[in-house]
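Quick mapping for you: the protein sequence lines, in order, are chains V and X. In this text, residue positions in the first sequence follow the numbering used here: the first is 197, and each later residue adds one. In this text, residue positions in the second sequence follow the numbering used here: the first is 56, and each later residue adds one. Here's the structure we're looking at; comments come further down.
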Amino acid sequence: MPIIRKEYTAFWSVAMRRILHRYEAAVLKALENETRLDLEGLLKKTGMGRDEALWSLEGLAKDMLVRFEKQREKSAELTEEGKRYAQAGLPEERLIKRLHERPIDVSGLIGEEGIGLQWAKKKNYIGISKGKAELTEEGRRSYGKRTEEGVAIGELAASADAYGRLAERHGLISELERRGLLSITEKRRIINIGITERGRQELRLQEAGRDHANEAHASQQRLIEAVDKATIAGRTWEGRSFKEYSVDVNVEQKDIAMRHPLRGIINEIRSAYIGMGFAEINGPVVEPSFWVFDSLFMPQDHPARDIQDTFYLNEPRKIRIGERAEVQRVRKAQTESWRSGWSEEIAEEAVLRTQTTNVTVRYVKGILREILKANGRYELPLKFFTVGRVFRNENIDYKHLADFYQTDGMVIGRGLTLANLFDILISLYKSLGMEVRFRPSYFPFVEPGLEVYAKIPKGDEWIEMGGAGLIRREITGLPRKSITVLAWGLGIERMLLLRKSGIGSIAELYNNSIGWIRNQEVL
Amino acid sequence: MPMLLFDTQYLKRRIRYSIDNKRLRDQIFKLGMEIEKLDEKEMHIEVTPNRPDLFSAVGMARAVRNFMHKGNKFNYEVSGDAALDIRVGRTVHRIRPYIAGIVANNIELDNAAITDLMDFSEKFCSTYGRERRKIALGMHNLDAIKAPLEYDAYRDERFLPLGYKAEMSFSDISRESEKGRRYGIEAAGFFPALKDTLGTVALIPVLNSERTKVERHTRNLFVDITGTSEYLVGKSADMVAAMLADMGGGIRRVRVKYEDSERLFPAMQRAYIKMQLSRIEREIGVDIGYNNIISLANKMGYEAALLGSSIRFTLPAYRLDIINEQDITEDIAIAYGYDYIAPLKILSAQQGRLDKNTVLLEKISGLMVGAGYSEMMNSYLTNEGENFEKMRLKPNAVYIRLRSPKAQSLTMARTWILPSLLRNASLSVHEKSPQRFFEADMCFSMNSKAKEEYHLAALSADSRANFNQAKALAEAIAHALGIKYTIERAGHQSFIPGRCARILVNGRDAGIFGELHPEVLYNFKIEEPCTAIEISLDALFAKRQ
């Protein structure tokens, strides 16, 4: 790249006639009868702003129409503290004055006197014994005299030119700067601006170009700035060049409208499922407890059903369960297996679902009736999934949320096994770029049951993603042999946290400040 | 899940086989439990709530020992005459009907053993016993008890409770002590209690008496178990008896005499389940073989025998969680090792497809991003202040309300999305303008039933925002979706009067758009004018009625 650019510039400067921008023309004009103007002088003379003038000068110098020098210039200014000391004397000088009369208790020296104490001690003017400060030999000698720094800040306060002289005295200026008495600023100046011979030629051409006779010639030579309809249709680019843009310029940040990062991973999960031949289903968020708990074989005194953990509703308070046969089956399974009573009233209590398993279990119940009716002619296995919000009654803060996403999936088939379930989960996570492992665990509605842990290939942390297992026959109501149902429920935000570095907590995903969204990467 | 804390040295002593920490961690993981912490002094393990037999170091050691085939013990049978009688009175039947007892003789207790017993009791009663409501147990020094025992509900009386300096009455304990308030049962001035001839042994299920306190030198233990389910009280007695037997106690039976019947505890009856090997293999998806199945069963504490082509599993008496064959299949899978089950592909020709709602929402989101709007995802939950008041609306009569939210800011399900987007905008006031966001997701309402519907809402915060922009967007969306619509002037409190319109589809209200009222913006601390749209997608695609 750099080589090409150099050649191009060389070509430009030799072969091309320079067309002057009006600012450039104004600068050349102003320099016509000057030899050593500085930038301030140029600004005054042209009435231009600093940026336009600099831009013009850089461009002109590149084509050797003007020359100038850059100079760095330091200037020094006393700080507020410095100014004060210039008036009143340095704290250590004042302290020596006081100590000359009598030793002083150190503990009483605070504020500027404290500063004085530090410096006087450092410079060996005083010594401290038994908590009292007294002058040393050196200190007594300097009584009545001003210190080197004291003199320097006096001079600096009197005249700005003093800096030049003092700068030659080794260490003094830097000492004052370190003490915070002097602030030094460095300015870049542009001086000795002058027009070159070539510049004068161009200026003459430019002025001559105002002649009508040369106008056509000049416009033909003019660089193309914006390409417009006329440029294209009229083929006016022929024989002309295009104005170059700087590739280094800082351009304004472009805000691209973005999908939400969480939607990104949800859609990836959907794609993964679709790729594995799963069909998506959907279902209610507001449910009677029945479909969230009872139909999943959770006893009515199960701690997860506690109002501390689950959002129960005041409106609606209860939701009728339509499916009478299902209610009877659940009642039977619950009372027999848990050896306790089962109340339909409790099952009617309205909740916000705590898991998306309500969707898959509703679907399974419906489809199983059809499968059994079809008497072996139904095409199995049947694979389906859902993605949706679930809710937990939580204290929300920057880390904890009350709603988040979950995905549930099931496969209904003949002779499906735990080994099949493993394969599905491994494939699902593999297409999301993660590895999984399994650990036996307990959930009331599956047996065998397991927990799913995942990690990214380079990571070393296994994060719990959710649970899985073979749905108990108490739930499906299926006879012993024949059909089995594989099921799993997995958290989604966790996958995102695992995959995307830089997201601190799940709650961050729901803050939705536009600044945050704008800075997300999509991969 | 219950988190258990064990004394590492005590657990290792109970395993009775030298095992290093790494191996111990590995074995317990394979059994399905996570060790959170393990050092020379103590260990923390998370155990699933269905396995109270693992809530003690004694029980955990038994499981590890079995799993490693180091001295499996299957049979905990008890025989012989009852060592103690408990007569059950008539009154207690309505309050807390069932009791079981166990006697363990010549048991050796040290501090670690007592701590383990007490911790077990606490965990068991609080989790499996549902805060002692369903089931509770108490341990006593048998030698301090003067038989026979009587269990009934009594009127208020006084005794010296465990850990107290002075006598207290049942009612004082129930009303004033922390345990009393948490666990106390009182019915019309009657309290369930266990007594011997000397007085109160325990106020059930709250406090034992100081008199029968278990200490290091206690040699003979009596355990009472009370609850609301006869089956679970009996099974729990089996579990505790197995634990005390493992600790070296000589288990003796206790006779519980009801008015018209009597029972002996612990029953220690072992149930059998017969299963075909092929069925287990078919559910797990591995070949196990007759040679291995017995050994795998033993690992999980089952005694097993071949009976023709099926296996007879004898269930351990201490397990409370085994319902039927499915539970055994799981245990065999655990013994086989989840890590050794090779994943197996399912053959299926099914085509994947997206739900029609997903397809629609994705298409709409595509449109909105194309129009320069970024997607937001907000909580479905909100409060009246945000959903109504900040929007200059009065709460309408019915909407979905939460019962006892822990977070005060969550009291209801949102009825529309716009307030969520305004909250997003208020978080973004320092960001570069114009800002445009949308959300296409769920909202909730109530008529006679809870109703869930999808809305599309969009917000544009822009110093040049005006009504026409909002209208242009609304029309572009409707056009792109192929919807026939009409637009009419509307009055809505959240919008500026005269700068708000309604979009009608088939004559039905499908949405609203316009310039938001400055007071709404003020309420959300937004500094730029905003235009907004909220459309019900359900109404947009509703069939003509």
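Glycine is no exception: its CB is placed at the ideal position from the N, C-alpha and C atoms. Nothing here was measured: the structure is a model prediction, and the numbers come from that model.
Residue pairing by DSSP places residue 609 (chain V) opposite V:680 in a beta bridge. Out of X:157, X:172, X:158, the CA that lies nearest to the CA of residue 164 (chain X) is found in X:172.
With a threshold of 9 Å between beta carbons, residue 687 (chain V) makes no contact with chain X. An exposed status is given to residue 591 (chain V), since fewer than 16 other beta-carbon atoms sit within 10 Å of its beta-carbon. At the C-beta level, residue 711 (chain V) and residue 486 (chain X) come within 9 Å of one another. With at least 16 other beta carbons inside 10 angstroms of its own, residue 105 (chain X) counts as buried.
In chain V, no part has a C-beta under 9 Å from the C-beta of residue 115 (chain X); the shortest such distance is about 15 Å. Under the 8 Å Cβ criterion, the stretch 398 to 409 of chain X counts as touching the stretch 466 to 481 of chain V, having at least three qualifying pairs.
The beta-carbon of residue 450 (chain X) is placed no less than 9 Å from the nearest beta-carbon of chain V. Taking a Cβ-Cβ cut-off of 9 Å, residue 695 (chain V) has no neighbours in chain X, whose nearest Cβ is about 17 Å from it. Beta-carbon to beta-carbon, residue 299 (chain X) and residue 159 (chain X) are separated by about 4 Å, close enough to satisfy the 8 Å threshold. For a Cβ distance threshold of 7 Å, residue set 403, 405 of chain X lies close to residue 579 (chain V), ordered along the chain. Assignment of residue 397 (chain X) by DSSP, reduced to helix, strand and coil, places it in the coil class. The beta carbon of residue 201 (chain X) sits closer than 7 Å to those of 251, 252, 253, all from its chain and outside the five residues before and after it, given in chain order. Cβ-Cβ separation between residue 515 (chain V) and residue 459 (chain X): approximately 18 Å, too far for a contact (criterion under 8 Å).
Under the three-state reduction of DSSP output, residue 307 (chain X) falls in the strand class. Within the model, the alpha-carbon separation for residue 296 (chain V) versus residue 327 (chain V) is close to 17 Å. Of the candidates X:419, X:111, X:423, X:466, X:466 places its Cα closest to the Cα of residue 442 (chain X).
DSSP, reduced to helix, strand and coil, places residue 270 (chain V) within a strand of the structure shown. A direct Cα-to-Cα measurement between residue 66 (chain X) and residue 73 (chain X) gives close to 11 Å. Close CB contacts of residue 541 (chain X) within its chain, under the 6 Å cut and outside five residues either way in sequence, are with 559 (chain order). Under the Cβ criterion (8 Å, minimum of three pairs), the stretch 343 to 350 of chain V counts as touching the stretch 275 to 289 of chain V.
If you check the CB distance, residue 255 (chain X) and residue 153 (chain X) do not come in under 9 Å. For residue 318 (chain X), the enclosing beta strand (DSSP E) begins and ends at 317 to 320. Legend: CB atoms of the stretch 405 to 431 of chain X lying less than 7 Å from CB atoms of chain V belong to residues 405, 406, 407, 408, 409, 410, 412, 413, 420, 424, 427, 428, 429, 430, 431.
In terms of Cα proximity to residue 630 (chain V), the closest of V:357, V:481, V:654, V:487 is V:654. Contact between the stretch 351 to 362 of chain X and the stretch 108 to 128 of chain X is present: three or more C-beta pairs spanning the two stretches fall below 8 Å. In terms of beta-carbon proximity, residue 709 (chain V) lines the interface with chain X, with at least one pair separated by less than 9 Å. When rounded, the separation of the alpha-carbon atoms in residue 640 (chain V) and residue 522 (chain X) is 55 Å.
A Cβ-Cβ separation of about 21 Å leaves residue 389 (chain V) out of contact with residue 270 (chain V) under the 8 Å criterion. Distance from the CA of residue 550 (chain X) to the CA of residue 448 (chain X), rounded to the nearest whole angstrom, comes to 11 Å.
Exposed is the label assigned to residue 58 (chain X), since fewer than 16 other Cβ atoms lie within 10 Å of its Cβ. In the same chain as residue 116 (chain X), and ignoring 5 residues on each side of it, the C-beta atoms closer than 7 Å to its own belong to 66, 69, 70, in chain order.
Among the CB atoms of chain V, one or more fall inside 9 Å of the CB of residue 337 (chain X). Under the Cβ criterion of 9 Å, residue 100 (chain X) is not counted among the residues facing chain V. Contact of residue 515 (chain V) with chain X is assigned, a C-beta pair being separated by under 9 Å.
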